[in-house]
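The structure appears right after this line, and notes come after that.
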Amino acid sequence: VIWLEFQDCTGDTESFLRAQSPGVDELLLDLLSLDYHETIMAPAGEMTERSLSDTMTRFPGQYICVVEGSIPTAASGIHCMIRGRTALSIAQEVCRNAAATIA
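Position one of the sequence shown corresponds to residue 1 (the numbering used here), numbered consecutively onward.
Okay, structure coming up:
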């Protein structure tokens, strides 16, 4: 799973972390492979980017993309920039090769 966060309040992430049946521990350790989620992953900076690109390269067409928050589209998406890229361009790249997208 690749979980993207754009213009959001992390409410979906908070709900995910508070899951009880199954709990988040079972979800992450036994049921899912959450390879990228900026808010809850340990790495930062370039290492997070490497995790994202490695997952997309290793599992094209096999990963699920979760999109949390809105993606501005006006003015070519410049109203939400992450590491010098628009949320729109990131979403287009990641979602294009996903087996499914949940938004």
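Idealized CB from N, CA, C, for every residue including glycine.
Closest Cα partner of residue i within the set the options
i	options	result
G61	L31, S70, L32 and C95	C95
V1	S21, T55, G84 and P72	T55
Pairwise C-alpha distance: residue j and residue i
i	j	result
A103	V67	5 Å
I64	A98	6 Å
L28	L34	7 Å
L32	M81	28 Å
R18	S89	30 Å
F16	D30	15 Å
For residue i, three-class secondary structure by DSSP
i	result
I90	helix
R85	strand
Residue span of the beta strand (DSSP E) that contains residue i, given as start and end
i	result
E5	I2 to E5
T39	First-last for T39: undefined, no H or E at that position.
A100	A100 to I102
Endpoints, alpha helix (DSSP H) assigned at residue i
i	result
T13	G11 to L17
Q: For the stretch 46 to 78, list the alpha helix (DSSP H) runs that are entirely contained and at least 4 residues long, ordered along the chain.
A: Correct list: 46 to 58.
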